[in-house]
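Right, one structure below, let's go through it.
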Amino acid sequence: MRRLLTVTLMLALTACGEKQADSDRPAFKAPPLPDFTTYKDVQEKKQAFFDYLLPLITEANQRVLEQRALAEKWARDEELTEKELQRLTRMMENYRVKADDKAGQKEILLNRVNIIPPSLVLAQAANESAWGTSRFATEGNNLFGQWCFSKGCGLVPSSRNDGAVHEVRKFRSPMESVESYIQNLNRHAKYRQLRLIRHRLQEENQIISGPALAAGLIGYSERGQAYVDEIRHMIEYNGLQQYDQPDAAAPATGESDAEQ
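Quick note, the sequence shown lines up with residues 567 to 826 if you use our numbering.
What follows is the structure in structure tokens.
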């Protein structure tokens, strides 16, 4: 079975790109979104979709873990360098941490700065972008259906109701879409339950899994619990939960031609 990150793909990903402002990690830029409509075999298309996205998810989560390491260092009252203090200040702003005392800031920050399990990211990306083939994915690099509310900030949905002002946000790259999605789950009030579930799992030394965190996605779609059930089904059907494990390998493909 193929490993999660092949040497060839990693070279392509790290060959060029902008270094994240608050990260010491090397420059990173993913190849453009492939044209997944060229795949005639459903299982080949799905595997290509997973293989493309997994390195992006890994990189995005590693950046979050780097931030978390700094947050934990600060929470332990260890001395920070001037550069680290500046990064911490920006982190507080980015994660919208508002509390009057350090204990409150610590609790909020550590609950918000953490990974999103790959199985959940893959399932939602597949669901929201029609396996990378939707108009919003191909024209706007938007894999998760994220909205914006400033005129011209994105693509206007053809089915938008009269009087509505939202657009589907355009991103410069798929990587930017992945990072924005992770940040959204990590800081928006709608996903507080997701973060509480994640915190409990970590406190109990359990794996942070996609099916478990999916329970906190009730507010992601107007479909509510039906959406949660669909995401969980996609994770199970496509064998994605294995990617939440250390040293995950590529998922096995099923025999059915149905796109689930």
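Think of the CB as a built atom: it goes at the ideal place given N, C-alpha and C, for glycine as much as any other residue.
Please tell me whether residue 806 and residue 685 are closer than 7 Å, where the distance is taken between their beta carbons.
yes
Tell me the rounded alpha-carbon separation between residue 711 and residue 669.
35 Å
Let's see if you can read the secondary structure: which residues bound the beta strand (DSSP E) around residue 735?
First-last of the beta strand (DSSP E) with residue 735: 733-735.
Return the CA-CA distance between residue 736 and residue 702, expressed in angstroms with no decimal places.
Cα to Cα, residue 736 sits roughly 8 Å from residue 702.
With distances taken Cα to Cα, identify the nearest neighbour of residue 751 among 733, 739 and 764.
Residue 751 has its Cα closest to that of 764, out of 733, 739 and 764.
Delimiting residues of the alpha helix (DSSP H) encompassing residue 746:
Counting along the chain, the alpha helix (DSSP H) containing residue 746 begins and ends at 740-753.
Could you pull the start and end residues of the alpha helix (DSSP H) that residue 864 belongs to?
The displayed coordinates of the chain run from 567 to 826. Any statement about residue 864 would go beyond what the structure contains.
Flag residue 754 as yes if its beta-carbon sits less than 7 Å from any beta-carbon of chain B, otherwise no.
Of the protein chains in this structure there is only one, and it is not chain B.
Determine the direct distance from the alpha carbon of residue 713 to that of residue 811, and round the result to whole angstroms.
31 Å
Can the beta-carbon of residue 633 be found less than 7 Å from the beta-carbon of residue 657?
yes
Which residues in the same chain have their Cβ closer than 6 Å to the Cβ of residue 739, if we skip the five residues on either side of it in sequence?
707
Candidates 699, 675 and 593, of which the one nearest residue 604 by Cα:
699
Got a sec? Which residues, its chain only, sit under 7 Å from residue 783 by beta carbon, not counting five neighbours each side?
Counting only residues of its own chain and dropping the five nearest sequence neighbours on each side, residue 783 has a CB closer than 7 Å to the CB of 760, 793, 794 and 797.
Three-state secondary structure assigned by DSSP to residue 809
helix
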